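To keep things clear, I will list the structure first and then write my remarks on it.
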Amino acid sequence: MPDRKNVEGITNFPKPTTVKNVRSFLGIVNFYRLHIPNCSIIQKPLSALTGKNKILVWNDDAEKAFFKLKQLLVSPQLLAYPDYNSIEPLEIHVDSSLTGAGAVLSQKQLGIVRPIAFISTSWGVTEQNYASTARELAGLRWAVKKLAPFLRGREFIIHTDNQPLIFLSNTKCVSQRLARTLEDLSDFNFKVKWIPGHSNIVADALSRMHETMLDGPRAKESLNILGESLVEVKMDGGGDSLVNALSFWLTGNFSDSLNLRQKLVTELMNNNKLYGLELNKVGKFELRIMLQEGMNLIPEAIKAFSNLFNCKVIVFEKRRHPIEFGDDSLPKICYLNSHNSLHYNLLIENNLNSEQLNSPEPLILPEGRVESGVKNIEVLVKNKIKLTFNKWTYEEIKI
Numbered sequence: 028m029p030d031r032k033n034v035e036g037i038t039n040f041p042k043p044t045t046v047k048n049v050r051s052f053l054g055i056v057n058f059y060r061l062h063i064p065n066c067s068i069i070q071k072p073l074s075a076l077t078g079k080n081k082i083l084v085w086n087d088d089a090e091k092a093f094f095k096l097k098q099l100l101v102s103p104q105l106l107a108y109p110d111y112n113s114i115e116p117l118e119i120h121v122d123s124s125l126t127g128a129g130a131v132l133s134q135k136q137l138g139i140v141r142p143i144a145f146i147s148t149s150w151g152v153t154e155q156n157y158a159s160t161a162r163e164l165a166g167l168r169w170a171v172k173k174l175a176p177f178l179r180g181r182e183f184i185i186h187t188d189n190q191p192l193i194f195l196s197n198t199k200c201v202s203q204r205l206a207r208t209l210e211d212l213s214d215f216n217f218k219v220k221w222i223p224g225h226s227n228i229v230a231d232a233l234s235r236m237h238e239t240m241l242d243g244p245r246a247k248e249s250l251n252i253l254g255e256s257l258v259e260v261k262m263d264g265g266g267d268s269l270v271n272a273l274s275f276w277l278t279g280n281f282s283d284s285l286n287l288r289q290k291l292v293t294e295l296m297n298n299n300k301l302y303g304l305e306l307n308k309v310g311k312f313e314l315r316i317m318l319q320e321g322m323n324l325i326p327e328a329i330k331a332f333s334n335l336f337n338c339k340v341i342v343f344e345k346r347r348h349p350i351e352f353g354d355d356s357l358p359k360i361c362y363l364n365s366h367n368s369l370h371y372n373l374l375i376e377n378n379l380n381s382e383q384l385n386s387p388e389p390l391i392l393p394e395g396r397v398e399s400g401v402k403n404i405e406v407l408v409k410n411k412i413k414l415t416f417n418k419w420t421y422e423e424i425k426i
């Protein structure tokens, strides 16, 4: 049997309390489904809970499936021991969220990627207040130190979905936090490689397993009420989604997105202390690359937007855990829906009832400019909308 501390990320995975928690756990299961006998049959009671219902109805069958799959994920049939005679390197996939960090150590053996260890930790208040990259850096350091017995004296690869981390080791002038981290890791021989967030499923799920601690009844109630009243306007994928969503809310179009990006980055540079950013060589480098189209902006850019345009911004993480930027007294509110802090969509007020949303016929909301600058919302099919913009004017625009 594996050492318990090396698989605590699975053995300590809490029983799901929301549909999102179920999907997160199944993300781990599906990643290894080819190596779990009868996986689709065993997970069926859990998969049945991930439909359109937003309220999780846990039952005995789901309970049995959940604990059975946890056992199978740490079984000798799936887990492997490191093969130090192999030319295949050890690999760590690591990710950090607002509430914690998670990592999986693996190695390709006989052409199959085999997990060796699953680990997870929760963040304290200090780490939760870190900037995004600093929190990812803390997660990287924690993972290496935690897995040190497997890694010392070996070359290994660290996979992260945080792009700036792949450049940090090449920087001569560093922050004190980065300097301490590099010193702590100086005994290890590793390379850092970037992967897209959707390829980091297991580490992402392990980093978020502590989110249930934030799901208090009051937060759920307020989120359900607010979530039902908002329609999601999907942005194109990539690093421009945040600035596109903000530009869309501000002007009703995307033509000013690049200019807005420059304003936000300039604000972060000019008032770095206000946003908790260190403006040394590393900090400047991170911000400068954010000036380029397609690069992800850090969450602090949302606070900068709130300050620049005198508005409050409420950001949901997949329609949960709303985080507020700006004072309650501000007259305008921008709602965003974040997906792993990598992709952002705009949320706007929805005045359609459930019967209207299910109607196959096109429907139009009452005329009148809303805060986002969107004049009309035409529902073409369920959950799909067509927008007509007025660019903050009242001129008539034909579709």
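In this note's numbering, the protein residues as written are 28 to 426.
Ideal Cβ placement from N, Cα and C applies to all residues, glycine included.
What you are looking at is a predicted structure, and each value in this text was computed from that prediction instead of being measured.
Coarse secondary structure for residue i, derived from DSSP in three states
{"i": "Val258", "result": "strand"}
{"i": "Lys247", "result": "For Lys247, the pLDDT reaches just 45, beneath the cut-off of 50, and the residue's location in the model is therefore unreliable, leaving the point undetermined."}
{"i": "Ile139", "result": "strand"}
{"i": "Lys359", "result": "coil"}
{"i": "Gly353", "result": "coil"}
{"i": "Phe52", "result": "helix"}
{"i": "Ala158", "result": "coil"}
{"i": "Leu73", "result": "helix"}
{"i": "Glu215", "result": "Residue identity check: residue 215 is Phe in the sequence provided, not Glu. Three-state DSSP puts Phe215 in coil, outside helix and strand."}
{"i": "Ala144", "result": "strand"}
{"i": "His366", "result": "strand"}
{"i": "Val34", "result": "coil"}
{"i": "His62", "result": "helix"}
{"i": "Thr208", "result": "helix"}
{"i": "Lys402", "result": "Here the model assigns Lys402 a pLDDT of 36, short of 50, so the residue's position is not dependable and the matter cannot be decided."}
{"i": "Ser149", "result": "strand"}
{"i": "Tyr302", "result": "helix"}
{"i": "Asn372", "result": "strand"}
{"i": "Asp88", "result": "helix"}
{"i": "His431", "result": "With the chain covering 28 to 426 only, the question about residue 431 has no answer from this structure."}
{"i": "Ser274", "result": "helix"}
{"i": "Ser113", "result": "coil"}
Residue i versus the options, residue with shortest Cα-Cα distance
{"i": "Thr153", "options": "Glu118, Arg162, Ser113", "result": "Arg162"}
{"i": "Gly353", "options": "Asp231, Ala328, Leu373", "result": "Ala328"}
{"i": "Leu363", "options": "Glu238, Leu273, Thr126, Trp150", "result": "Leu273"}
{"i": "Gln289", "options": "Phe343, Glu320, Phe52, His62", "result": "Glu320"}
{"i": "His225", "options": "Val340, Ser51, Val34, Gln70", "result": "Ser51"}
{"i": "Asn39", "options": "Lys79, Leu53, Phe94", "result": "Phe94"}
{"i": "Gln134", "options": "Pro72, Asp211, Leu285, Ile114", "result": "Ile114"}
{"i": "Ala92", "options": "Ala175, Lys42, Leu212", "result": "Lys42"}
{"i": "Lys359", "options": "Val270, Ser102, Lys339", "result": "Lys339"}
{"i": "Asn156", "options": "Gln136, Ser124, Arg235", "result": "Ser124"}
{"i": "Glu334", "options": "Val292, Phe275, Gly151", "result": "According to the sequence as given, residue 334 is Asn; it is not Glu. Measuring from the Cα of Asn334, the nearest candidate turns out to be Val292."}
{"i": "Gly151", "options": "Arg168, Ala175, Ile228, His237", "result": "His237"}
{"i": "Asn112", "options": "Glu35, Arg181, Leu76, Met296", "result": "Arg181"}
{"i": "Arg168", "options": "Ser368, Val49, Phe217", "result": "Phe217"}
{"i": "Ile69", "options": "Met262, Arg179, Asp88, Phe275", "result": "Asp88"}
{"i": "Pro103", "options": "Arg31, Asn271, Glu210, Asp263", "result": "Arg31"}
{"i": "Leu357", "options": "Ile341, His62, Ser368, Phe275", "result": "Ile341"}
{"i": "Gly279", "options": "Lys311, Cys361, Asp211", "result": "Cys361"}
Distance CB(residue i)-CB(residue j) smaller than 8 Å
{"i": "Lys45", "j": "Val121", "result": "A small correction: the amino acid at residue 45 is Thr; Lys does not occupy that position in the sequence shown. Contact: no."}
{"i": "Ile139", "j": "Ile185", "result": "no"}
{"i": "His370", "j": "Ser282", "result": "no"}
{"i": "Leu427", "j": "Pro64", "result": "The question about residue 427 has no answer here: the residues shown for the chain are numbered 28 through 426."}
{"i": "Pro109", "j": "Phe215", "result": "no"}
{"i": "Leu285", "j": "Phe336", "result": "no"}
{"i": "Ala232", "j": "Ala170", "result": "no"}
{"i": "Ser159", "j": "Ile325", "result": "yes"}
{"i": "Glu344", "j": "Leu257", "result": "no"}
{"i": "Ile37", "j": "Lys97", "result": "yes"}
{"i": "Ser74", "j": "Leu53", "result": "yes"}
{"i": "Pro191", "j": "Glu90", "result": "no"}
{"i": "Val34", "j": "Ala175", "result": "no"}
{"i": "Leu76", "j": "Val56", "result": "no"}
{"i": "Leu373", "j": "Val260", "result": "yes"}
{"i": "Arg235", "j": "Thr126", "result": "yes"}
Heavy atom of the ligand SAH within 7 Å of residue i beta-carbon
{"i": "Cys66", "result": "Absent from the structure shown: the ligand SAH. Ligands present: none."}
Close Cβ partners of residue i (< 7 Å) along its chain, the five nearest in sequence each way excluded
{"i": "Lys330", "result": "Tyr302, Phe352"}
{"i": "Lys173", "result": "Ile146"}
{"i": "Arg60", "result": "Cys66"}
{"i": "Ala230", "result": "His120, Val121, Asp122, Gly129, Ala130, Val131"}
{"i": "Leu295", "result": "Tyr302, Leu304, Leu314, Glu327, Ala328, Ala331"}
{"i": "Leu212", "result": "Arg168, Val171"}
Contact set for residue i: own chain, Cβ-Cβ below 6 Å, skip 5 residues either direction
{"i": "Ile316", "result": "Met322"}
{"i": "Phe457", "result": "Since the first residue of the chain shown is 28 and the last is 426, residue 457 is not available in this structure."}
{"i": "Gly265", "result": "Gly321"}
{"i": "Val270", "result": "Ser284, Leu287, Arg288"}
Contacts around residue i, its chain only, beta-carbon distance under 8 Å, and the 5 residues preceding and following it disregarded
{"i": "Asn86", "result": "Pro72"}
{"i": "Pro223", "result": "Asp188"}
{"i": "Lys220", "result": "Ile184, Ile185, His186, Thr187, Ile193"}
{"i": "Leu83", "result": "Pro43, Thr44, Thr45, Val46, Asn48, Val49, Leu76"}
{"i": "Leu318", "result": "Arg288, Gln289, Val292"}
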